[in-house]
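Undergrad: Per the working numbering, the very first residue in the sequence shown carries number 3; after that it's consecutive. Even glycine gets a Cβ: it sits at the ideal position worked out from N, Cα and C. Got a structure for you, questions after.
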Amino acid sequence: MEKKKRNNAYANILKYTSLFGGVQALSILVALVRNKLVAVLLGPMGVGLLSLFNSTIRFIGDSTNLGIGTSAVKHISEAYAQDDEQTTSQTVQTVRAWSAITALLGMLACALLSPLLSKYTFGWGKHTLHFLLLSPVVAMTAIMGGELAILKGTRHLGGLARISIINVALAVVLSVPLFFVWRAKAIVPSMIIVAFAQMIITMAYSYHYQPLNLHISASALRNGGNMVRLGIGFFLAATFGSCADFIIRSFVNNAGSPDTLGLFNAGYMITMTYGGMVFSAMETDYFPRLSAIARTGTTLNDTVNKQIEVSLLIISPMLVGLIIGLPIILPLLYSHSFLPVTSMAQLTALAMFLRAVKLPIAYLPLSRGDSKAYLLMEGIYAVVYVMLSVFFFHAFGLIGLGMAIVLVASFDFIMLNVYMGHRYGYRLSGNAIKLMLLQFPIGIAAYVLTLKTQGIYYWVLGVMLTILSAVISYISLNKRIH
3 MEKKKRNNAY ANILKYTSLF GGVQALSILV ALVRNKLVAV LLGPMGVGLL SLFNSTIRFI
63 GDSTNLGIGT SAVKHISEAY AQDDEQTTSQ TVQTVRAWSA ITALLGMLAC ALLSPLLSKY
123 TFGWGKHTLH FLLLSPVVAM TAIMGGELAI LKGTRHLGGL ARISIINVAL AVVLSVPLFF
183 VWRAKAIVPS MIIVAFAQMI ITMAYSYHYQ PLNLHISASA LRNGGNMVRL GIGFFLAATF
243 GSCADFIIRS FVNNAGSPDT LGLFNAGYMI TMTYGGMVFS AMETDYFPRL SAIARTGTTL
303 NDTVNKQIEV SLLIISPMLV GLIIGLPIIL PLLYSHSFLP VTSMAQLTAL AMFLRAVKLP
363 IAYLPLSRGD SKAYLLMEGI YAVVYVMLSV FFFHAFGLIG LGMAIVLVAS FDFIMLNVYM
423 GHRYGYRLSG NAIKLMLLQF PIGIAAYVLT LKTQGIYYWV LGVMLTILSA VISYISLNKR
483 IH
């Protein structure tokens, strides 16, 4: 019976990682098509406007949502795990009440700050009215974030997958015809229409599973105090990462050139997006499962280690293939002018091996509601990341940034294991270590191959390494799942 339960646990992790990985892959494909159409219809100026509006609205939303989208998942998961419908319903009511408050807060902030946003975001033209019109988008995004948290916490993962696909499709179907007719003038209306349609779809799914209760009690607002305090801690931790990325990109732009920054962004994003096809299931499936476990101990450790094993087995062959195939993939997705970033991107792909192991461990403080520990880990990581990036870029240029990413991933892996072992009694399992010792050397061999070999030998040996990694993953997964 125990063996069957273990097999089912592995099978469920594989199922949802594959499901949301497939959704992520489809989303990326649709986004590529949409970006291509938008680029053709709007041109560089229009694409720049759309990017600036989106990034600014996202920043306002992230700054005013109080981290509800993250902390709500933990609270709902705990209530749902108790199989107590009344407690779950009350928690859902609390989440919806606070989502409405943050929606109003974000909308007012965007409206009141619209003159400043116009001045400091663009520095040219008059865009105050545009930001004023876009303020409801901030509110709609906050409401949608609360409903998505409810679906995650109550484990309606099939609905989440369908919502993701529908929302991506809506962004294309609703915006592209508007751009075709009105070009750049349609940017603001399209953003409002798409946000409204996506919110309605998300609410329809969420209300189907958890019906809306229009009576918002005072206790629902009071009960949200712990959720808000936890959310603010997570929000501050996320700010560290955003600041680190901003500092590094500003430094590369000033110490190098805008072209160098463009190359770095391309190399970084292609590996992060690729890895996201596996890691996307973490927040949707793994985090709620982890949050539902009441105590630290064997069950918590097993859940983390099983997630590490499956993530590593799925992503390893993909990463070996990426390292070998980047000389073809980069020109295909961008152009031949991006080939100088190949070595940096290959190093960044190596860091993804470590990310597959350390990301499940990094969710431990989130699942325990320990915002101080999460804040500490993220703060140390951000400082070390900035310091190593500055030093290695000065010393080695663009490839130095890849070295820094690998080194900071190694540092973070060691720090997380030591700290989580001390705080929660977490230990990396023997099975996880064994898989690391099998798959990591293949990834390193693939990178060494890019430095030492060219021509037909490069491709033959590269394909052999990819197949070897895939065979190891297949045999290991089959042994766990049968």
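In three-state DSSP terms, what is G71?
TA: In this structure, G71 counts as helix in the three-state DSSP scheme.
Undergrad: Here's the rule I'm using: 16 or more other beta-carbon atoms within 10 Å means buried, otherwise exposed. How should H129 be labelled?
TA: That one is buried.
Undergrad: What first and last residue would you give for the alpha helix (DSSP H) that runs through T468?
TA: That run of the alpha helix (DSSP H) goes 457-483.
Undergrad: Under the three-state reduction of DSSP, which class applies to H396: helix, strand or coil?
TA: DSSP places H396 in helix when its eight states are reduced to three.
Undergrad: State the start and end residues of the unbroken alpha helix (DSSP H) segment that holds R370.
TA: Segment 344-370, the alpha helix (DSSP H) holding R370.
Undergrad: Are the CB atoms of F413 and G402 within a distance shorter than 8 Å?
TA: Result no, Cβ atoms of G402 and F413 do not sit closer than 8 Å.
Undergrad: Extract the residue ranges of the alpha helix (DSSP H) inside the stretch 116-158, only unbroken runs of 4 or more that lie entirely within it.
TA: List check, alpha helix (DSSP H) in window: 116-123, 130-155.
Undergrad: Less than 8 Å between the beta carbons of M405 and F415, yes or no?
TA: Going by C-beta atoms, M405 is not nearer than 8 Å to F415.
Undergrad: Using DSSP with H/G/I as helix, E/B as strand and the rest coil, what is R297?
TA: Coil at R297, not helix or strand.
Undergrad: List the whole-angstrom C-beta distance separating K374 from L418, where the pair is believed to meet the contact cut-off of C-beta under 8 Å.
TA: No, K374 and L418 are not in contact; Cβ-Cβ is about 15 Å, not under 8 Å.
Undergrad: For L136, which residues in the same chain have their Cβ closer than 8 Å to its Cβ, ignoring the five residues on either side in sequence?
TA: Excluding residues within five positions, the ones whose Cβ falls inside 8 Å are F55, I59, C112, V190, M193, I194.
Undergrad: Can you give the Cα-Cα distance for S282 and T455, rounded to whole angstroms?
TA: In a straight line, the C-alpha of S282 is about 34 Å away from that of T455.
Undergrad: With distances taken from CA atoms, which of G432, I363, T286 is nearest L159?
TA: Per the Cα distances, T286.
Undergrad: Inspect the CB distances between the stretch 76-95 and the stretch 250-262 and report whether three or more fall short of 8 Å.
TA: Touching, no.
Undergrad: In the DSSP assignment, the alpha helix (DSSP H) including Q88 goes from what residue to what residue?
TA: Counting along the chain, the alpha helix (DSSP H) containing Q88 begins and ends at 87-114.
Undergrad: Using 8 Å as the Cβ pair cut-off and three pairs as the minimum, do the stretch 316-329 and the stretch 433-453 touch?
TA: Yes, since at least three Cβ pairs between the stretch 316-329 and the stretch 433-453 fall closer than 8 Å, the two stretches touch.
Undergrad: Counting C-beta neighbours from all protein chains within 10 Å, is the total for Q84 16 or more, i.e. buried, or is it exposed?
TA: The residue is exposed, with fewer than 16 neighbouring Cβ atoms inside 10 Å.
Undergrad: Thinking C-alpha only, which one of R297, V388, L232 is nearest L377?
TA: It is L232 whose Cα lies nearest to the Cα of L377.
Undergrad: Please tell me whether V280 and G23 are closer than 8 Å, where the distance is taken between their beta carbons.
TA: Result yes, Cβ atoms of V280 and G23 sit closer than 8 Å.
Undergrad: So, with DSSP's three-state summary, where would you put Q84?
TA: In the structure shown, Q84 sits in coil (DSSP, three-state: anything other than H, G, I, E or B).
Undergrad: Quick check: the Cα distance between R291 and A11, rounded to an integer number of angstroms?
TA: Distance between the alpha carbons of R291 and A11 is about 11 Å.
Undergrad: On the CB-based measure, 16 or more other CB atoms within 10 Å of its CB, does V462 come out buried or exposed?
TA: Per the 10 Å Cβ criterion, exposed.
Undergrad: Which of the three DSSP states is assigned to H217 in this structure?
TA: Reduced to three states, the DSSP call for H217 is coil.
Undergrad: Could you give the DSSP three-state label for R429: helix, strand or coil?
TA: R429 falls in the coil class under three-state DSSP.
Undergrad: Are the CB atoms of L315 and S431 nearer to each other than 8 Å?
TA: No, these two residues do not count as a Cβ contact at 8 Å.
Undergrad: If you pair each beta-carbon of the stretch 138-152 with each one of the stretch 199-209, do three or more pairs fall below 8 Å?
TA: Flag = yes, the stretch 138-152 and the stretch 199-209 touch.
Undergrad: Return yes when the Cβ of L349 is within less than 8 Å of the Cβ of I435, no when it is not.
TA: Not in contact: I435 and L349 (Cβ atoms no closer than 8 Å).
Undergrad: Taking the straight line between their C-alpha atoms, what separation do you get for M389 and G381?
TA: Near 13 Å, if we compare the C-alpha coordinates of G381 and M389.
Undergrad: Expressed to the nearest angstrom, what Euclidean distance is found between the alpha-carbon atoms of Y336 and M422?
TA: One C-alpha to the other measures close to 40 Å.
Undergrad: Quick check on the burial criterion: 16 or more other C-beta atoms within 10 angstroms. Buried or exposed for R185?
TA: Answer is exposed; the Cβ neighbour count stays below 16.
Undergrad: Using beta-carbon positions only, say whether A171 and L180 come within less than 8 Å of one another.
TA: Not in contact: A171 and L180 (Cβ atoms no closer than 8 Å).
Undergrad: Would you tell me roughly how many angstroms separate the C-alpha atoms of L214 and I295, rounded to the nearest one?
TA: About 27 Å.
Undergrad: Alpha carbon to alpha carbon, what distance is there between Q26 and L409?
TA: C-alpha separation (whole angstroms): 28 Å.
Undergrad: Just to check my reading of the structure: A99 and G155 have Cβ atoms closer than 8 Å, yes? What is that Cβ distance to the nearest angstrom?
TA: The pair is not a contact, with the Cβ atoms about 15 Å apart (cut-off 8 Å).
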